[in-house]
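Counting in the numbering used here, the sequence shown runs from 5 upward without gaps. Working notes, beginning with the structure itself.
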Amino acid sequence: MSVAERLAVAPELRDTTRWDRPRESDIPKDHIEEYRRRKMAVTAYLNSTSFATIKKNHGYAKSQIYRMLGRCLTARPNGTIYGFHALIPGVSIAPYRRKSPVNPELAAQTKGLAGAFMQLMAEHESLYRYVEKYALNSGGKSAATVAKAIRAEFLKKCAKVRAPNQYPFNTDDQGARALVRFIDRMREEHYATKNGNEDEGVGAFESPLTAQPSGAQQLRPFEEAEHDGHNGDFYFVIKTHGRRGEWIYTTPMRLWLLILIDRASRAILGYAYRLGSTNYPAISVMRSFVHAMTPWKPKILTLPHLAYKEGAGFPSGVAPRARGRMVDLVCFDGAKANTAKVTMRGLTTVLGATINYGRVRFPIARPFIERLNQTLETHGFRRLPIGFNPKGSKEERERALKAASEHAVTSDELDQMIDVMLANYNADPHEDLVNRSPNEYIRMWDSQTASPLRRIENPEELAQRLLRVEYIKTIRGGGESNRPPYIELWSARYTNDVLRKMTDSISKKVRIVVDVDGDIRLIRAYLRKGNKELALGILKAGPPWHLTPHTLEQRQMVRRANKLKKLVVKPGTDMMQTFKELRQREAQERKSATNQLVKAGRIAEPQMPSRERDAKARVAKSAWIKLR
């Protein structure tokens with residue numbers, strides 16, 4: 005991914021105030037001036053200064069600027085970028101390559117071997133070609149299987165170029181584990197170049213913000229996690245109130261359950277679900293991480309026979325040192341939602357995590373999440389009256405469909421069911437954890453380690469940033485209609501008192517910040533002014549989107565409905581309420597209308613404009629004169 009593409013995907017990277025920077029007192033005196041000059045040149049480019057001006061003022065050509073900026077945006081192993089550290093003369097950001105020979109006196113050594121296998125491959129091309137031949141032409145066999153098959157012959161070839169007291173013969177495993185890792189790395193590099201494209205869901209592999217799991221036997225909690233979306237094997241019918249307070253019902257639906265699980269403890273860290281959809285969007289993926297970051301509290305249970313086990317819950321709420329903990333590496337599959345810009349930006353830029361995707365033809369196994377999905381189905385959902393085996397008989401599905409209609413639940417009750425089932429899983433003992441539960445394991449680990457933890461004091465604020473997106477929009481207005489300046493976004497015109505007076509800024513670009521799960525009637529806008537940004541404050545949506553608080557998903561659903569059937573907005577209401585009233589009327593005749601109401605979530609009652617509200621507040625009821 006080029007520098008320009010990186011900045012387009014994540015425009016927040018332009019904000020150098022967020023970059024790591026060295027203390028100038030730590031930079032050698034003979035390098036300090038060069039560092040400052042590089043820093044000013046890169047900053048000037050990010051502030052939209054022309055290359056000609058940068059060349060004149062700082063002496064760097066276009067190619068040099070791109071090279072320096074590329075170094076700054078390169079990711080560290082923890083997912084953060086090098087920032088201004090990369091501009092210090094002589095600082096290397098390239099992957100480690102061993103230069104010193106392995107000490108032959110340290111027989112059976114396990115430490116001090118970093119880069120030894122890479123050095124072996126670099127010095128002897130014949131060994132490299134031999135491994136490459138089998139690594140890239142072995143079908144779907146795992147790296148471990150290939151390494152085991154070629155190991156004997158590989159060591160014979162090593163014996164021709166290395167002495168018995170040299171690497172790999174001076175180690176206990178004679179380079180066996182290093183060979184497996186090398187094959188994995190070779191495949192990653194090969195297929196990232198050859199097969200990486202967005203249609204296959206792997207375009208993000210070209211980003212330097214991806215990495216391989218460590219493969220370590222002993223992981224600490226939150227070091228590596230797996231994420232997956234699973235289409236639950238159960239039906240449900242949701243009931244909600246109609247126009248007159250009566251119950252109206254959806255058709256039987258299924259849901260996507262998105263779960264984040266910790267590899268070390270097997271704990272479910274967070275989850276989200278998506279109702280009755282053929283797939284799930286990137287925003288649903290981010291909601292599962294929001295749930296993991298937000299301190300958990302048990303829900304108030306209203307369903308009979310539904311209860312939390314002793315010790316149930318999620319680490320953010322039951323393990324004191326897990327509050328605000330951030331995952332270091334996340335393993336995904338190649339689904340579009342996982343490779344989307346929102347997901348990449350949220351995890352790498354906001355959480356500072358590293359991402360690993362399953363490779364085409366050579367997928368990285370996610371054994372824990374796959375096992376969890378199976379456990380939840382066989383010991384959870386399928387045991388419910390509404391559960392079924394997808395490989396079972398037609399009669400079994402019909403039974404589940406009938407049960408779903410007989411046991412309709414509200415959206416809140418569905419929330420309770422899912423939360424209890426997943427929270428209870430974290431309280432069940434695991435044989436692999438020496439009969440400890442996932443929550444117990446995390447608490448035990450945290451109590452026995454003195455290592456610093458990657459935590460944040462205000463996880464709620466960080467979680468909110470995961471659901472925040474940015475856009476570059478043009479200020480419109482003027483023309484024949486002489487309309488005051490405004491921003492158009494998702495069929496709504498946004499403005500405020502500040503923007504309306506900025507007639508000289510029409511056609512200029514502004515940066516828009518939106519909380520997609522918040523009330524998108526309100527957005528923040530920033531106008532670039534020289535090398536700085538001018539905050540324009542909060543812009544408000546105009547009619548017909550101005551009265552009812554709503555999320556981005558709700559607006560998109562209403563926009564789609566409006567395209568199919570023009571919604572007529574009555575005076576005193578808006579588009580959201582018009583949609584709600586229409587679907588409530590239609591629900592009396594068809595359940596699919598109820599489906600849309602439920603998927604839209606709760607639509608609030610419209611709020612009267614502030615001026616009207618303030619006027620009524622100033623006039624007491626007693627001041628009104630009643631006419632006969």
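Yeah, the Cβ is synthetic: ideal placement off N, Cα and C, and Gly gets one too.
Here residue 231 carries a strand assignment [DSSP, helix/strand/coil].
The region 470-540 contains, as complete beta strand (DSSP E) runs of 3+ residues, the segments 472-478, 480-482, 487-493, 496-499, 513-519 and 526-533 (chain order). Rounded to the nearest whole angstrom, the C-alpha separation of residue 92 and residue 330 is 29 Å.
Positions of the beta strand (DSSP E) runs, each at least 3 residues long and wholly inside the region 355-410, are given as 358-361 in order along the chain.
Short of 7 Å from the beta carbon of residue 610, and not among the five residues preceding or following it, lie these beta carbons of its own chain, in chain order: 551, 552, 577, 578 and 581. Distances from the alpha-carbon of residue 10 to those of 33, 306 and 349 put 349 closest.
When Cβ pairs closer than 8 Å are counted between the two stretches, the region 375-390 is seen to touch the region 234-243, the count reaching three or more. Annotation for residue 334: the continuous beta strand (DSSP E) segment containing it runs 333-336. For the 7 Å CB-CB criterion, residue 302 and residue 268 do not form a contact. In the three-state DSSP reduction, residue 243 falls in the strand class (E or B). By the CB criterion at 7 Å, residue 520 and residue 470 fall outside the cutoff. A Cβ-Cβ separation of about 4 Å places residue 121 in contact with residue 182 under the 8 Å criterion.
Between the alpha carbons of residue 315 and residue 32 lies a distance of about 55 Å.
Scanning its chain for C-beta atoms nearer than 7 Å, with the 5 sequence neighbours on each side dropped, one finds around residue 543 the residues 491, 498, 499, 500, 503, 527 and 529, in chain order. For the pair residue 599 and residue 69, the Cα-to-Cα distance works out to about 53 Å. In the structure shown, residue 249 adopts coil according to DSSP, grouped into three states.
The residue among 328, 357 and 321 with its C-alpha nearest the C-alpha of residue 336 is 357. Residues 500, 502, 528 and 529 of the same chain have their beta carbon placed closer than 8 Å to that of residue 541, with the five preceding and five following residues left out of the count. Within the same chain, 467 and 470 come within 6 Å of residue 294 by CB-CB distance, once the 5 residues on both sides are set aside. Each of 61, 42 and 533 was checked against the Cα of residue 72, and the nearest Cα belongs to 42.
Here the region 317-330 makes contact with the region 413-432; the two share three or more CB pairs at distances below 8 Å. For the pair residue 413 and residue 377, the Cα-to-Cα distance works out to about 23 Å. Judged by DSSP secondary structure, residue 71 falls outside any beta strand (DSSP E) and instead within the alpha helix (DSSP H) spanning 66-76.
In this structure, residue 408 places its C-beta atom within 7 Å of the C-beta atom of residue 241.
In the structure shown, the three-state DSSP call for residue 92 is coil. Exclusion of the five residues before and after residue 286 leaves 341, 344, 346 and 347 as the residues of its chain whose Cβ lies within less than 7 Å of its Cβ. Spanning the alpha carbons of residue 587 and residue 328 requires a straight line of approximately 41 Å. In this structure, the beta-carbon distance from residue 595 to residue 255 falls below 7 Å. Residue environment: residue 23 is assigned as buried (16 or more neighbouring CB atoms within 10 Å of its CB, all protein chains considered).
Of the candidates 480, 244, 522 and 370, 480 places its Cα closest to the Cα of residue 511.
Taking residue 506 as the centre and dropping the five residues before and after it, the same chain places the C-beta of 489 closer than 6 Å to its C-beta, in chain order. Where residue 276 is concerned, the enclosing beta strand (DSSP E) starts and stops at 272-279.
Contact between residue 603 and residue 131 fails: their C-beta atoms lie close to 57 Å from each other, not under 8 Å. Residue burial annotation: residue 230 is buried, with at least 16 other C-beta atoms found within 10 angstroms of its C-beta.
Between residue 263 and residue 292 a beta carbon distance of about 7 Å is seen, short of the 8 Å cut, so the two are scored as contacting.
Residues of the same chain with a CB within less than 6 Å of the CB of residue 51, apart from the 5 flanking positions on each side, are 535 in chain order.
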